[in-house]
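Notes for the one structure printed next.
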Amino acid sequence: MKLHALSSVDELKKLFPKIDHTTVADTIGRTHFLSLPWHFISVSDLRRQVDATKASVPRGQTFREWKVIRARKHPLLVALSEEDERSHKLDLYSEYVLGLEASDVKPKHLTELFRRFRNYVAKDVYARPEAASPRGTCSLLLAPLLKWRSITPKVGSEIIRILEEVIDATSSELCTDFSADLLAYQNSIFFTYLVTAQVVGISIHQVTGSRFLLVFRRATPSKWASTRSDVRGFSSL
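Residue numbers (our numbering): 7 to 243.
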């Protein structure tokens with residue numbers, strides 16, 4: 007295993023004993039162009055961190071209520087632009103779901119997080135890919151997913167469908183208007199997709215997995231050559 011994010015099959019067995027833990031590990035391990043340890047968060051570390059996270063949202067409090075109270079306690083020093091406000095709300099919603107009491111968390115909280123993510127990508131990432139945070143996206147999506155992994159499979163199909171829609175749409179954007187920053191962000195989405203598929207026990211779709219090849223074929227040689235090798239390495243066969 008070359009990725010720090012999924013360091014060994016044995017570790018995956020410990021993290022996810024009830025699911026097929028070898029698929030992603032084996033696939034990445036024998037695929038040379040996925041050897042990008044710098045590019046990914048450590049899923050093992052993230053899982054341990056979220057398991058140690060204590061509930062921070064009072065029982066029964068809605069996101070709207072929690073957000074208002076939090077804003078009073080931690081006011082922003084500067085006003086956010088409309089684009090940054092959407093990104094901030096996505097971060098807040100992830101924090102809210104992560105901090106819920108176990109008795110309050112519902113599968114709908116996880117699907118809502120991924121719907122908000124899809125909306126954020128469509129409205130902001132395509133317009134300003136250089137301002138997006140690939141690793142931050144991985145963390146804010148996977149942290150609640152790992153924290154509440156016991157209920158995640160209940161909405162696994164919908165979450166996977168949302169991620170596939172985002173990957174497909176992002177690939178289309180890249181084919182139309184190639185951007186190294188957007189390609190880096192697409193890499194992070196695909197990594198999130200791989201890990202999510204493992205958590206919910208659903209196989210990845212062949213077509214979604216081949217989208218990178220379409221981007222590679224559509225990008226001009228000059229654009230591809232000017233893209234950092236650590237970014238394009240994930241996307242080329």
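All residues carry an ideal CB built from backbone N, CA and C; glycine is no exception. Just so you know, these numbers come straight off a predicted model, no measurement behind them.
Separation of residue j from residue i, as counted between CA atoms
| i | j | result |
| --- | --- | --- |
| P81 | D97 | 15 Å |
| R65 | A108 | 9 Å |
| F196 | E164 | 16 Å |
| A58 | L151 | 14 Å |
| S62 | G105 | 5 Å |
| L116 | W72 | 17 Å |
| L180 | R217 | 10 Å |
| F120 | V49 | 18 Å |
| Y99 | S93 | 10 Å |
| L52 | T182 | 35 Å |
| D110 | Q192 | 32 Å |
| L148 | T198 | 7 Å |
| P159 | K112 | 12 Å |
| S145 | K60 | 17 Å |
Residue i burial status per 10 Å Cβ neighbour count (16 or more: buried)
| i | result |
| --- | --- |
| V74 | exposed |
| R78 | exposed |
| G162 | buried |
| D130 | buried |
| T214 | buried |
| S209 | exposed |
| Q212 | exposed |
| T28 | With a pLDDT of only 47 at T28, under 50, the local geometry of the prediction cannot be trusted, and the value read off the model is given with reservation. Exposed, by the Cβ-count rule. |
Closest Cα partner of residue i within the set the options
| i | options | result |
| --- | --- | --- |
| T202 | V213, L169 and S177 | L169 |
| W154 | V103, Y132, Y199 and V127 | V103 |
| A138 | A77, L189, L200 and A58 | L189 |
| E171 | K160, I157, A128 and P113 | A128 |
| I166 | R134, V205, H115 and A133 | V205 |
| A133 | L52, N193 and D187 | D187 |
| E136 | L148, Y99 and F184 | F184 |
| D101 | K112, P113, S209 and F69 | For the record, residue 101 in the displayed sequence is Glu; it is not Asp. The residue with the shortest Cα to Cα distance from E101 is F69. |
| G142 | Q67, R76, S194 and Y99 | S194 |
| I245 | C144, E118, K114 and L146 | As shown, the chain starts at 7 and ends at 243. That puts residue 245 outside it, with no answer to give. |
| query | So does the stretch 176–186 actually touch the stretch 108–126, counting three or more Cβ pairs closer than 8 Å? | reply | The stretch 176–186 is not in contact with the stretch 108–126.
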